[in-house]
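Asker: Residue numbers (the working numbering), protein chains in the order written: chain A, 1 to 400; chain B, 1 to 400.
Number of protein chains: 2
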Amino acid sequence: MAEDKPPFIDPLNAFCKDTEAYLVGNTDGPLSGLTFAAKDIFDIEGHVTGGGNPDWKATHSPANHNAWIVQTLVDAGATMVGKTHTDELTRGILGENAHYGTPINSKAPARVPGGSSSGSAAAVAGGLVDFALGSDTGGSVRIPASFCGLYGLRPTHGRVLLDGILTQSPSYDTIGWFTRDASTYARIAEVVFGNPIPDTIPSHLVIAEDAFEEADRDVSDVLRPVAEKISAMVRNSSQVRLAPSGLIAWASQQNILQSEEAWDSVKDWVDTVNPRFSFWVSERYNLAINLTQDQITEAALLREQVRTRMDEVFANGGIVCLPTAVAPAPLLGLPASAKKEIQGRLSHLTCIAGTTGRPQLSLPLGEVNGLPVGLSFLGEHGSDEELIGFARIVEEAMVT
Amino acid sequence: MAEDKPPFIDPLNAFCKDTEAYLVGNTDGPLSGLTFAAKDIFDIEGHVTGGGNPDWKATHSPANHNAWIVQTLVDAGATMVGKTHTDELTRGILGENAHYGTPINSKAPARVPGGSSSGSAAAVAGGLVDFALGSDTGGSVRIPASFCGLYGLRPTHGRVLLDGILTQSPSYDTIGWFTRDASTYARIAEVVFGNPIPDTIPSHLVIAEDAFEEADRDVSDVLRPVAEKISAMVRNSSQVRLAPSGLIAWASQQNILQSEEAWDSVKDWVDTVNPRFSFWVSERYNLAINLTQDQITEAALLREQVRTRMDEVFANGGIVCLPTAVAPAPLLGLPASAKKEIQGRLSHLTCIAGTTGRPQLSLPLGEVNGLPVGLSFLGEHGSDEELIGFARIVEEAMVT
Numbered sequence: 001m002a003e004d005k006p007p008f009i010d011p012l013n014a015f016c017k018d019t020e021a022y023l024v025g026n027t028d029g030p031l032s033g034l035t036f037a038a039k040d041i042f043d044i045e046g047h048v049t050g051g052g053n054p055d056w057k058a059t060h061s062p063a064n065h066n067a068w069i070v071q072t073l074v075d076a077g078a079t080m081v082g083k084t085h086t087d088e089l090t091r092g093i094l095g096e097n098a099h100y101g102t103p104i105n106s107k108a109p110a111r112v113p114g115g116s117s118s119g120s121a122a123a124v125a126g127g128l129v130d131f132a133l134g135s136d137t138g139g140s141v142r143i144p145a146s147f148c149g150l151y152g153l154r155p156t157h158g159r160v161l162l163d164g165i166l167t168q169s170p171s172y173d174t175i176g177w178f179t180r181d182a183s184t185y186a187r188i189a190e191v192v193f194g195n196p197i198p199d200t201i202p203s204h205l206v207i208a209e210d211a212f213e214e215a216d217r218d219v220s221d222v223l224r225p226v227a228e229k230i231s232a233m234v235r236n237s238s239q240v241r242l243a244p245s246g247l248i249a250w251a252s253q254q255n256i257l258q259s260e261e262a263w264d265s266v267k268d269w270v271d272t273v274n275p276r277f278s279f280w281v282s283e284r285y286n287l288a289i290n291l292t293q294d295q296i297t298e299a300a301l302l303r304e305q306v307r308t309r310m311d312e313v314f315a316n317g318g319i320v321c322l323p324t325a326v327a328p329a330p331l332l333g334l335p336a337s338a339k340k341e342i343q344g345r346l347s348h349l350t351c352i353a354g355t356t357g358r359p360q361l362s363l364p365l366g367e368v369n370g371l372p373v374g375l376s377f378l379g380e381h382g383s384d385e386e387l388i389g390f391a392r393i394v395e396e397a398m399v400t
Numbered sequence: 001m002a003e004d005k006p007p008f009i010d011p012l013n014a015f016c017k018d019t020e021a022y023l024v025g026n027t028d029g030p031l032s033g034l035t036f037a038a039k040d041i042f043d044i045e046g047h048v049t050g051g052g053n054p055d056w057k058a059t060h061s062p063a064n065h066n067a068w069i070v071q072t073l074v075d076a077g078a079t080m081v082g083k084t085h086t087d088e089l090t091r092g093i094l095g096e097n098a099h100y101g102t103p104i105n106s107k108a109p110a111r112v113p114g115g116s117s118s119g120s121a122a123a124v125a126g127g128l129v130d131f132a133l134g135s136d137t138g139g140s141v142r143i144p145a146s147f148c149g150l151y152g153l154r155p156t157h158g159r160v161l162l163d164g165i166l167t168q169s170p171s172y173d174t175i176g177w178f179t180r181d182a183s184t185y186a187r188i189a190e191v192v193f194g195n196p197i198p199d200t201i202p203s204h205l206v207i208a209e210d211a212f213e214e215a216d217r218d219v220s221d222v223l224r225p226v227a228e229k230i231s232a233m234v235r236n237s238s239q240v241r242l243a244p245s246g247l248i249a250w251a252s253q254q255n256i257l258q259s260e261e262a263w264d265s266v267k268d269w270v271d272t273v274n275p276r277f278s279f280w281v282s283e284r285y286n287l288a289i290n291l292t293q294d295q296i297t298e299a300a301l302l303r304e305q306v307r308t309r310m311d312e313v314f315a316n317g318g319i320v321c322l323p324t325a326v327a328p329a330p331l332l333g334l335p336a337s338a339k340k341e342i343q344g345r346l347s348h349l350t351c352i353a354g355t356t357g358r359p360q361l362s363l364p365l366g367e368v369n370g371l372p373v374g375l376s377f378l379g380e381h382g383s384d385e386e387l388i389g390f391a392r393i394v395e396e397a398m399v400t
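1) List, in order along the chain, the chain B residues whose C-beta lies closer than 7 Å to that of A/D210?
2) Should B/F8 be labelled buried (16 or more other beta-carbon atoms within 10 Å of its own) or exposed?
3) Check whether the region 72–81 of chain A touches the region 45–61 of chain A, counting contact only when three or more Cβ pairs, one atom from each stretch, lie closer than 8 Å.
4) Sort A/G101, A/A58, A/S171 and A/W177 by Cα distance to A/V124 and report the nearest one.
5) Could you pull out every residue in the same chain whose Cβ sits closer than 6 Å to the Cβ of B/M1, ignoring the five residues on either side in sequence?
6) For A/W280, would you say it is in contact with chain B, using Cβ-to-Cβ distances shorter than 8 Å as the test?
7) State the start and end residues of the unbroken alpha helix (DSSP H) segment that holds A/V192.
8) Residues of the region 76–100 of chain B with a CB closer than 9 Å to any CB of chain A: list them in chain order, please.
9) Would you mind telling me which residues of chain A sit closer than 8 Å to B/F277, beta carbon to beta carbon, in chain order?
10) Is the number of C-beta pairs between the region 93–106 of chain B and the region 58–66 of chain B that are closer than 8 Å three or more?
11) Just mark A/L205 as buried or exposed, buried being the case when its beta carbon has 16 or more other beta carbons within 10 Å.
12) Quick one, which residues of the region 324–349 of chain A are near chain B if we go by CB-CB under 8 Å, in chain order?
13) With B/K57 as the anchor, note down where its alpha helix (DSSP H) starts and where it stops.
14) With a threshold of 6 Å on Cβ separation, who are the neighbours of A/A215 within its own chain once the five nearest residues in sequence on each side are excluded?
15) I need the DSSP call for B/H85, collapsed to helix, strand or coil.
16) Throw me the rounded Cβ distance for the A/S140 and A/S116 pair, which I believe falls under 8 Å.
17) Count the other C-beta atoms from every protein chain shown that fall within 10 angstroms of the C-beta of B/L349, then say buried if there are 16 or more, exposed otherwise.
18) Which residues, taken in chain order from the region 18–42 of chain A, show a beta carbon closer than 9 Å to some beta carbon of chain B?
19) Return the residue from the list B/N26, B/T27, B/K39 and B/P30 that minimises the CA-CA distance to B/K17.
20) Just checking: is the beta-carbon of B/N290 within a distance shorter than 8 Å of some beta-carbon in chain A?
21) Less than 7 Å between C-beta atoms, sequence neighbours within five positions excluded: which residues of the same chain meet that for B/V273?
22) Distance, Cα to Cα, B/V70 vs B/I44?
23) List the endpoints of the continuous beta strand (DSSP E) containing B/A38.
24) Suppose only complete runs of 3+ residues qualify. What are the beta strand (DSSP E) ranges in the region 226–283 of chain B, listed by chain order?
25) So, does the CB of B/T72 fall closer than 8 Å to a CB anywhere in chain A?
26) Buried or exposed, going by whether 16 or more other CB atoms sit within 10 Å of the CB of A/D130?
27) What is the DSSP secondary structure of B/A2, reduced to helix, strand or coil?
28) What residues are listed by DSSP as bridge partners for A/W177?
29) Between which two residues does the alpha helix (DSSP H) carrying B/Q309 extend?
30) Roughly how many angstroms lie between the CA atoms of A/Q239 and A/V222, to the nearest whole one?
31) Which whole-angstrom value describes the C-beta separation of A/S118 and A/H85, a residue pair presumed to lie in contact below a C-beta threshold of 8 Å?
32) To which residues of the same chain is A/H381 closer than 7 Å at the C-beta, ignoring the five residues directly before and after it?
33) Between the Cα of B/A243 and the Cα atoms of B/A227, B/R309 and B/A232, which residue gives the shortest distance?
34) In chain A, which residues lie less than 8 Å from B/D271 when you measure between Cβ atoms?
35) According to DSSP, A/F390 sits in a beta bridge with which residue or residues?
36) Compute the beta-carbon to beta-carbon distance between B/Y172 and B/T179, rounded to the nearest angstrom, for a pair I have assumed lies under 8 Å.
This is how it looks when you write it as structure tokens:
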């Protein structure tokens, strides 16, 4: 391509410094004119996928092709300008990487950006690119979207081809992206899903009572009125408690089963390389190492209960409305105990989509003391386009 | 001091590259003319004690005084030329440091030097210094002494002041040193202990049958005749099985109790800093995190049984003779499973002195296929001088 590469500025520590992954987009595609970045778990031909860990990077070869979604976006006209920081091997939800530092959350500079798609969220929030690719296994798109005031979808599990990305936990891994507005989100979604994004309003909206109770009081106080306002746009609405056994129990099973898969994905490499991890990452792998068969069996049973219960909730179709995160972005550099507590609490809400494979879109519809908080739409399997289409309608309604 | 610092050569990756810790020895002391190095867990005034982990180094201040033993040796005339590599925070027995690389075992270059006092052993074995300081918590002097063909003492627990060293597990930590010959060992010991080293032969020598059985067949085949030869120098000798419940059980309790203390020593720092460790180091800390109170109680009971049994073995005084290590130095870069197996097996013999606080001196008295293997004298509490004195006699007897 003849285009010149513009000078690259990254005041937010969002980008990997040693990877010049620049792919000029097709000149007359539907995404022409848009720039994007990709989390450093997406393969780019000729570059090593670093995965946020220097020992991973040092022991892997350059990729031999572009990840399917990257190639699709470039073919559709978007220009990729770089790769972005991630929590180590996607094992984190706050975005603090012990090797490469923490990308700056320009919407809340004293706070974490959220992770693991930390650099992608920071780059979009700070206006460095129009959109950015991330992945969501346990909340890694939804949480940074909420913390940085962005739109971010965890698609239906299996809908976006996982070709050319670093695997964490196959039963949970999904690819999503971040934008600052719903219409750009929809524009990209049409390319990714190959379908038009409809302007339809769901027939039914369920407000997840227990999810709002799980969130900090000030988060609920801000988001609950927004949810009410949106429910007024929908023909039928109802209030439901999702988790009879409690959201904490719901989260515990995913923590166990996801940890087990995540360890399975890397254990041969770990045994060979003896890589360096920050302690909290290694602690999560060790959780898996120390699991008993009883714990795994019990978690698998609970997983079935969660899935059955959510099928009931969706028996009449529609969407479920819940806070994306229990709290706004935590302060940078919290002590370990405080970090672990918030990590645990975040999973109480993220596990619902994660466990059931349903799509969940976070919308930047609230602020608590000037800090962004996201409201989420959780939909039926395969309803990704409808969620995004409704978000576009809601965005317009909120602005006007 | 007026002496010029000679050019420093380190072809063995034994020394820390970024620490110029050079202390000129007193000109007319008993150790004048000797050069030494110290494992990078010994404080040197004005230098940060790195402990084999870059995040430890980055988060600690320079030491405000020299460790007691370093100052004592310099006052006695020895010149300290540098600090040496260690396994991370002394948590390793093979000497492979993921951050700084593996010191070269010049006696077996395709093999590990042993750890955690890896650089000190490598520096002495390679002739870069006359002696070097290490520490022994679970075998970190004895094992590298065996692997590198050196003399190395784990002193009676509590006999050498632990002032100015990085703590691993206080109930087990000791300071030792390496030399190439027994007479230099004795010369240093007279300074450290403040007592003359006697030329006395113990009244009784016990050959630890089960310890010889625990070692590889070719190690026993080489060391057993040496032990017989030494027992012929002693008035009474006998053959005893030390561990009625088996040496594997004996080692398991120390693994648990030492892990718990080691984690206790660093957990506040780990929680604050979230440091990077190689995975195998973090796995050992996680062992402690996941211990149950039942496991700890059971281990403490077993520890008492070990101590009582060894008091019985020493009822008639004398020394116990056993192989230092179950095998010669393993090859560099073994797979994790093989490494863990050898680490576990090494502890079956090292735990005896570790658990009972008794002194153990490894003597370089054997070779298996050209690889050094050490024979050990285990003594009564406080008999450090006698062990070293007898080693000097044995050395002479073996040479002549």
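Glycine is no exception: its CB is placed at the ideal position from the N, C-alpha and C atoms.
Answerer: So, from the data block:
1) Along the first sequence, read from residue 1 onward, the residue named residue 210 of chain A stands at position 210. Residues of chain B passing the Cβ test: none, with the nearest at roughly 31 Å.
2) Along the second sequence, read from residue 1 onward, the residue named residue 8 of chain B stands at position 8. Result: exposed.
3) No: fewer than three Cβ pairs fall under 8 Å.
4) Indexing the first sequence from 1 puts residue 124 of chain A at position 124. A/W177 is the residue among A/G101, A/A58, A/S171 and A/W177 whose C-alpha sits nearest the C-alpha of A/V124.
5) Translated into positions along the second sequence, residue 1 of chain B becomes position 1. With a pLDDT of 43 at B/M1, under the threshold of 50, the predicted position of this residue should be treated as unreliable, though the coordinate-derived value follows. Result list for B/M1: V24, in chain order.
6) Here residue 280 of chain A refers to the residue found at position 280 when the first sequence is read from its first residue. With 8 Å as the cut-off, A/W280 counts as an interface residue toward chain B.
7) Indexing the first sequence from 1 puts residue 192 of chain A at position 192. A182 to F193 is the span of the alpha helix (DSSP H), which, as asked, contains A/V192.
8) When C-beta distances to chain A are compared with 9 Å, the residues of the region 76–100 of chain B below that value are E96, A98 and H99, in chain order.
9) One-based indexing of the second sequence puts residue 277 of chain B at position 277. Simply R276, F277, F279 and S282.
10) At 8 Å Cβ cutoff, the stretches do not touch.
11) As a working note, residue 205 of chain A is residue 205 in the first sequence. Looking at its Cβ environment, which holds 16 or more other Cβ atoms inside 10 Å, A/L205 is buried.
12) Going along the region 324–349 of chain A in chain order, one finds P335, A336 and S337 with a Cβ nearer than 8 Å to chain B.
13) Against the second sequence, residue 57 of chain B aligns to sequence position 57. Where B/K57 is concerned, the enclosing alpha helix (DSSP H) starts and stops at P54 to A58.
14) By 1-based counting over the first sequence, the position of residue 215 of chain A is 215. So the qualifying residues of the chain are P323 and V326.
15) The residue you call residue 85 of chain B lines up with position 85 of the second sequence. Note: B/H85 maps to coil in three-state DSSP.
16) Position 140 of the first sequence, counted from the first residue, corresponds to residue 140 of chain A. Position 116 of the first sequence, counted from the first residue, corresponds to residue 116 of chain A. In this structure A/S140 is in contact with A/S116, their Cβ atoms being roughly 4 Å apart against a cut-off of 8 Å.
17) For this step, residue 349 of chain B is matched to residue 349 along the second sequence. Answer is buried; the Cβ neighbour count reaches 16.
18) Residues of the region 18–42 of chain A that bring their beta carbon within less than 9 Å of a beta carbon in chain B are absent altogether.
19) On the second sequence, position 17 is the one that residue 17 of chain B refers to. Looking at the Cα atoms, B/K39 is the closest of the given residues.
20) Here residue 290 of chain B refers to the residue found at position 290 when the second sequence is read from its first residue. Cβ-Cβ to chain A under 8 Å: yes for B/N290.
21) Stepping through the second sequence from its first residue, residue 273 of chain B is reached at position 273. Cβ within range, chain order: D55 and T59.
22) Walking along the second sequence from the start, residue 70 of chain B turns up at place 70. Walking along the second sequence from the start, residue 44 of chain B turns up at place 44. Rounded to whole angstroms, B/V70 to B/I44 spans 8 Å at the Cα level.
23) Along the second sequence, one-based indexing puts residue 38 of chain B at 38. That run of the beta strand (DSSP E) goes T35 to K39.
24) Runs of the beta strand (DSSP E) inside the region 226–283 of chain B: 236–240 and 276–278.
25) For the purposes of this step, residue 72 of chain B is identified with residue 72 of the second sequence, where counting begins at 1. By this cut-off, B/T72 is not an interface position.
26) Translated into positions along the first sequence, residue 130 of chain A becomes position 130. With 16 or more Cβ atoms within 10 Å of its Cβ, A/D130 is classed as buried.
27) Translated into positions along the second sequence, residue 2 of chain B becomes position 2. With a pLDDT of only 41 at B/A2, under the threshold of 50, the placement of this residue in the model should not be trusted, and no figure is reported.
28) As a position in the first sequence, residue 177 of chain A is number 177, starting the count at 1. In DSSP, A/W177 forms a bridge with A/L133.
29) Here residue 309 of chain B corresponds to residue number 309 of the second sequence, with the count starting at 1. The sequence shown places Arg at residue 309 of chain B, rather than the Gln named in the question. First-last of the alpha helix (DSSP H) with B/R309: Q293 to V313.
30) On the first sequence, residue 239 of chain A is found 239 positions in, with the first residue counted as 1. On the first sequence, residue 222 of chain A is found 222 positions in, with the first residue counted as 1. Cα-Cα distance, rounded: 17 Å.
31) Along the first sequence, read from residue 1 onward, the residue named residue 118 of chain A stands at position 118. Along the first sequence, read from residue 1 onward, the residue named residue 85 of chain A stands at position 85. Between A/H85 and A/S118 the Cβ distance is about 6 Å, and since that is below 8 Å, they are a contact.
32) Position 381 of the first sequence, counted from the start, is the residue given in the question as residue 381 of chain A. Excluding sequence neighbours, A/H381 sits near T156, G357 and R358.
33) Locating residue 243 of chain B in the second sequence gives position 243, where the first residue counts as 1. With distances taken between Cα atoms, B/A243 lies closest to B/R309.
34) By 1-based counting over the second sequence, the position of residue 271 of chain B is 271. The CB of B/D271 comes closer than 8 Å to the CB of P335, A336 and S337 in chain A, given here in chain order.
35) The residue you call residue 390 of chain A lines up with position 390 of the first sequence. Answer by DSSP bridge pairing: none, since A/F390 is not bridged.
36) On the second sequence, residue 172 of chain B is found 172 positions in, with the first residue counted as 1. On the second sequence, residue 179 of chain B is found 179 positions in, with the first residue counted as 1. Not really, about 23 Å apart at Cβ, beyond 8 Å.
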